[in-house]
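Novice:
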Ligand code: HEM
Ligand code: SF4
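Protein chains in written order, with my numbering: chain V, 3 to 404; chain Z, 268 to 332.
Shown next, in the form of structure tokens:
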């Protein structure tokens, strides 16, 4: 391909050791020369697309496939290929199957339905903050706070017993790591068994899982193994993404103290919705979500991709495109960041986005108000990044009331 | 006056229009979009335009804008 910038670099690029939040510096260097040809771990050549308009073109084009079974489909690791390439769920399916299955799930994720979860999240975050205060003054915001919020939220949404949450958290973390293929497969198998048991039980409740079994699986609209894999997707899809948006959002605001203070003083929550959009844009935790394969030539701003070409549409690069977001490296909670692609764009746009928004709004509103003087207990460069499908941190030591 | 138009068969029930402009959009039991008010006075155009732009599948249009 002569109009692609040739590189022999392997995706993903390393992040800068000094900064646990911002995209790898190599992205900014390649921006003017995008799309660039990079290689996946196994040598598969892929076009790396960084420009906001081009990334949304890929996400919305009917000539781009998300079917992970196709030969040449790009995967970030052997484990991801092993796990995802089997019988696909909506995140790796094309229409019409994608749309049929998404339509089964969408009614459980509507704005109105998610809004009803507000009191649940408020109570949850209040009690987690009480526990933090008791454990303080120095705590780990990842293990003692952030990861519990999406876990409890997803369990509530799906109707899972809360005593099962801790085990799901462990399994989900292994499942989304870059660990060995066996380790990841074992974690997947244990979650699968859990939902297989649910399939065998009576399904007469009004919760998400019972209704899905009763209305879709039993009448034969959704195959049992696809149901199980979809439950794994929903369970694991929301954990690390949301938890790490909380953790990285805190780190970003420590570097933009005025944002933290503005939220702490925002008694009527007038700033919180826009602030959360900006934090999702800035942190872009789902940095390895959008891999695709072209099925016909696709015209981008600077090049035409041929058919059957692997593509990485980097949502983190699009969210930091200076042509779209002025001074993208500045966290500006008052800018209108609503068109970010942190949740994707097109038919695969995040199914759980409204729950994520609600969880993040409640969390950042309450956390800033409870601990307005919170500060990092280590230097940002001492934080350990989590290497995996989702970008994040292994831990986040903070002092609550310095 | 501007008018909201829904492009037939595109909506996937993502709900962004409702999240941005709940006076103009709702979702039915199937999660698909319901337009509550088709006519948009000048003062609300910016809000409805944001909602139209937030739709991930370009299922909405604001005519006369
Ligand atoms: C801040 C939190 C979150 C972020 C940043 C995020 C990000 C994303 C992104 C970028 C995609 C698109 C992937 C693609 O185009 O290939 C996606 C899809 C998806 N997300 Fe999320 N997500 C978050 C929270 C959640 C939650 C809480 C859930 C579930 C409870 C969830 C479930 C899903 C599912 C099922 C899909 C696949 C949708 C489809 O392919 O039609 N996500 N997410
Ligand atoms: S934003 Fe678009 S896809 Fe989502 S409900 Fe509204 S019209 Fe449908």
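Think of the CB as a built atom: it goes at the ideal place given N, C-alpha and C, for glycine as much as any other residue.
For the putative contact between residue 61 of chain V and residue 346 of chain V, defined by C-beta atoms under 8 Å, what is the C-beta separation to the nearest angstrom?
Specialist: 6 Å between Cβ atoms; contact.
Novice: Beta-carbon separation of residue 290 of chain V and residue 78 of chain V under 8 Å?
Specialist: Against a cut-off of 8 Å, the Cβ pair of residue 78 of chain V and residue 290 of chain V comes out as a contact.
Novice: Assuming the contact rule is C-beta atoms closer than 8 Å, residue 161 of chain V and residue 210 of chain V should be a hit. Round their C-beta distance to whole Å, please.
Specialist: Yes, they are in contact, since the Cβ atoms of residue 161 of chain V and residue 210 of chain V sit about 5 Å apart, within 8 Å.
Novice: Within 7 Å: the Cβ of residue 396 of chain V and any heavy atom of the ligand HEM?
Specialist: Every heavy atom of the ligand HEM is 7 Å or more from the Cβ of residue 396 of chain V, so no.
Novice: Roughly how many whole angstroms lie between the Cα atoms of residue 235 of chain V and residue 200 of chain V?
Specialist: Whole-angstrom Cα-Cα distance: 16 Å.
Novice: Could you say if the stretch 284–295 of chain Z and the stretch 369–382 of chain V meet the contact criterion of at least three C-beta pairs nearer than 8 Å?
Specialist: No contact exists between the stretch 284–295 of chain Z and the stretch 369–382 of chain V.
Novice: Cα-Cα, which of Z:310, Z:322, Z:293 is closest to residue 117 of chain V?
Specialist: With distances taken between Cα atoms, residue 117 of chain V lies closest to Z:293.
Novice: Would you give the residue range spanned by the alpha helix (DSSP H) that residue 229 of chain V belongs to?
Specialist: Residue 229 of chain V -> alpha helix (DSSP H) spans 226–257.
Novice: If the cut is a Cβ gap below 9 Å, which residues of chain V does residue 287 of chain Z touch?
Specialist: Within chain V, the residues near residue 287 of chain Z are 340.
Novice: Taking 7 Å as the cut-off, is the CB of residue 354 of chain V close to at least one heavy atom of the ligand HEM?
Specialist: Yes - the ligand HEM has a heavy atom lying nearer than 7 Å to the Cβ of residue 354 of chain V.
Novice: Let me check one thing: in DSSP terms, what residues is residue 306 of chain Z bridge-paired to?
Specialist: Note: residue 306 of chain Z sits in a beta bridge opposite Z:270.
Novice: Could you pull the start and end residues of the beta strand (DSSP E) that residue 314 of chain V belongs to?
Specialist: Where residue 314 of chain V is concerned, the enclosing beta strand (DSSP E) stretches over 312–315.
Novice: At the level of alpha carbons, what is the spacing between residue 373 of chain V and residue 247 of chain V?
Specialist: Distance between the alpha carbons of residue 373 of chain V and residue 247 of chain V: 18 Å.
Novice: Can you pull the chain Z neighbours of residue 109 of chain V, defined as C-beta to C-beta under 8 Å?
Specialist: 280, 296, 297, 298, listed in chain order.
Novice: Starting from residue 304 of chain Z, find everything on chain V with Cβ-Cβ shorter than 7 Å and list it in chain order.
Specialist: Per Cβ cutoff of 7 Å: no residues; residue 304 of chain Z is ~17 Å from chain V at best.
Novice: Along the chain, where does the alpha helix (DSSP H) containing residue 7 of chain V start, and where does it finish?
Specialist: That residue, residue 7 of chain V, is in no alpha helix (DSSP H); its beta strand (DSSP E) goes 7–12.
Novice: Between the beta-carbon of residue 273 of chain Z and the beta-carbon of residue 302 of chain Z, is there less than 8 Å?
Specialist: Yes.
Novice: DSSP three-state call for residue 390 of chain V: helix, strand or coil?
Specialist: DSSP places residue 390 of chain V in strand when its eight states are reduced to three.
Novice: Taking 7 Å as the cut-off, is the CB of residue 246 of chain V close to at least one heavy atom of the ligand SF4?
Specialist: No, the Cβ of residue 246 of chain V stays beyond 7 Å of every heavy atom of the ligand SF4.
Novice: When DSSP labels each residue in this structure, what does residue 385 of chain V get in the three-state scheme?
Specialist: Of the three classes helix, strand and coil, the one that applies to residue 385 of chain V here is coil, per DSSP.
Novice: How many angstroms separate the CA atom of residue 36 of chain V from the CA atom of residue 9 of chain V?
Specialist: C-alpha separation (whole angstroms): 11 Å.
Novice: With hydrogens ignored, establish whether the beta-carbon of residue 240 of chain V is closer than 7 Å to any heavy atom of the ligand HEM.
Specialist: Yes, the Cβ of residue 240 of chain V comes within 7 Å of a heavy atom of the ligand HEM.
Novice: For residue 232 of chain V, which option in V:108, V:304, V:123, V:179 has the closest C-alpha, if you only look at C-alpha atoms?
Specialist: Considering only alpha carbons, the answer is V:108.
Novice: Would you report the Cα separation of residue 22 of chain V and residue 89 of chain V, rounded to the nearest angstrom?
Specialist: The straight-line gap from Cα to Cα measures roughly 34 Å.
Novice: Taking residue 313 of chain V and residue 295 of chain V to be in contact with their CB atoms under 8 Å, please state how far apart those CB atoms are, rounded to whole angstroms.
Specialist: With 8 Å as the limit, residue 313 of chain V and residue 295 of chain V qualify as a contact, their Cβ atoms being about 7 Å apart.
Novice: Count the CB pairs spanning the stretch 386–399 of chain V and the stretch 247–259 of chain V that are closer than 8 Å, and state whether there are at least three.
Specialist: Segments in contact, yes.
Novice: Apart from the five residues on each side of it in sequence, which residues of its chain come closer than 7 Å, Cβ to Cβ, to residue 55 of chain V?
Specialist: These residues qualify, in order along the chain: 303.
Novice: Classify residue 405 of chain V as helix, strand or coil using the three-state DSSP reduction.
Specialist: With chain V running from 3 to 404 in the structure shown, residue 405 of chain V is simply not present.
Novice: Go ahead and label residue 326 of chain V buried or exposed: buried means 16 or more other beta carbons lie within 10 angstroms of its beta carbon, across all protein chains shown.
Specialist: Result: buried.
Novice: Along the stretch 308–334 of chain V, what residues have a CB closer than 8 Å to any CB found in chain Z?
Specialist: Those would be none; no residue qualifies.
Novice: So if I threshold CB-CB distances at 9 Å, which residues from the stretch 347–375 of chain V count as touching chain Z?
Specialist: Those would be 347, 348, 349, 350, 351, 352, 353, 355, 356, 359, in chain order.
Novice: I need the DSSP call for residue 131 of chain V, collapsed to helix, strand or coil.
Specialist: Residue 131 of chain V falls in the helix class under three-state DSSP.
Novice: Measuring only from the beta carbon, is residue 145 of chain V closer than 7 Å to any heavy atom that is part of the ligand HEM?
Specialist: False, no ligand heavy atom lies under 7 Å from that Cβ.
Novice: Short of 7 Å in beta carbon distance, which residues of its chain neighbour residue 340 of chain V, apart from the five on each side in sequence? Order them along the chain.
Specialist: If we look at residue 340 of chain V and ignore the five residues flanking it on each side, its Cβ neighbours are 279.
Novice: Closer than 7 Å to a non-hydrogen atom of the ligand ZN - does that hold for the CB of residue 236 of chain V?
Specialist: For the structure depicted, the ligand ZN is absent and the ligand set comprises only the ligand HEM and the ligand SF4.
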